[in-house]
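Asker: Numbers given in the working numbering equal positions in the sequence shown, counted from 1, plus 80.
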Amino acid sequence: MSEQPLVPPFTRETAESNSNVAFKKTTLEKVKKAQALWNTKNPEKVVLAYTEDSIWRNRDLFLRGHDQIKEFLVKKWQKEKQYKLRKELFAFTDNKIAVQFWYEYYDENKKAWFRCYGLEAWNSETKLLALSGLPEDWTFESDGRMRKRQMSGNEIEINDDQRWYKGKSSDEEYDQVEITEEHW
């Protein structure tokens, strides 16, 4: 994938267009680039995808700016060992993208595996409508960096044999895991 950021607007035409020079990367690629970036587990790299004054809500935490985001990510990945994330495009319009995501990690303190589920849906008028209280939406600046990130997720404890990404080590392998309808 190109290092050039995808910039708004996010429309069906720009999502499907590979010939438009300004949109060489599709909206789908933006989601997969975010997936790959988060799977580096490198807060210094991840934070560069966000504006300096980026606003985050991550479950019950409210963060603003690179320093708070980096501190959050450092703590997150100190706790969440063997973190593996998959994101899929759910909906998009103008300068917003909605994603569905799943990630798994091992908590050494609890000696247990966990999976987190997140989802956001849009109604027919493209107004945000959260389902099951599990939204994640991304709002972008014109330069392609994320200005606002809203995330909620539900975690469940899973057994080792329930892990989807067991033995997988790349984004391509995570994307090949079949996630059944009950989990979408």
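Using N, Cα and C, we set each Cβ at its ideal position, and we do this for glycine too.
1. By Cβ distance below 7 Å, which residues in the same chain neighbour isoleucine 245 in space, the five residues on each side in sequence not counted?
2. Within 10 angstroms of the Cβ of threonine 107, are there 16 or more other Cβ atoms? Answer buried if so, exposed if not.
3. Quick test of your reading: arginine 227 and glutamate 235, contact by CB under 8 Å. State the CB separation rounded to the nearest angstrom.
4. Does the beta-carbon distance from glutamine 180 to phenylalanine 172 come in below 8 Å?
5. So who's on the other strand from glutamate 235, going by DSSP bridges?
6. Check the DSSP bridge columns for phenylalanine 170 and list the partner residues they point to.
7. State buried or exposed for valine 154, treating a residue as buried only when at least 16 other CB atoms are found within 10 Å of its CB.
8. In whole angstroms, what separates the C-alpha of glutamate 252 from that of lysine 191?
9. Taking DSSP as the reference, what is the three-state secondary structure of lysine 150?
Answerer: Straight from the coordinates:
1. In the sequence shown, counting from the first residue as 1, residue 245 sits at position 165. Before going on, a small fix: residue 245 reads as tyrosine here, not isoleucine. Around tyrosine 245: Lys164, Glu184, Tyr254, Val257.
2. Mapped onto the sequence shown, residue 107 falls at position 27. So threonine 107 ends up on the buried side.
3. The count along the sequence shown starts at 1 and reaches residue 227 at position 147. The count along the sequence shown starts at 1 and reaches residue 235 at position 155. That belief does not hold up - the Cβ atoms of arginine 227 and glutamate 235 are roughly 27 Å apart, past 8 Å.
4. To locate residue 180, count along the sequence shown from 1; it is residue 100. To locate residue 172, count along the sequence shown from 1; it is residue 92. No. Outside cutoff.
5. Taking the sequence shown and counting its residues from 1, one reaches residue 235 at position 155. Glutamate 235 is bridged to Cys196.
6. Taking the first residue of the sequence shown as position 1, residue 170 is located at position 90. Paired residues: none, contrary to the question.
7. Taking the sequence shown and counting its residues from 1, the one referred to as residue 154 is at position 74. Valine 154 is exposed by the Cβ-count criterion.
8. Along the sequence shown, read from residue 1 onward, the residue named residue 252 stands at position 172. Along the sequence shown, read from residue 1 onward, the residue named residue 191 stands at position 111. About 28 Å.
9. Against the sequence shown, residue 150 aligns to sequence position 70. Here lysine 150 sits in helix by DSSP.
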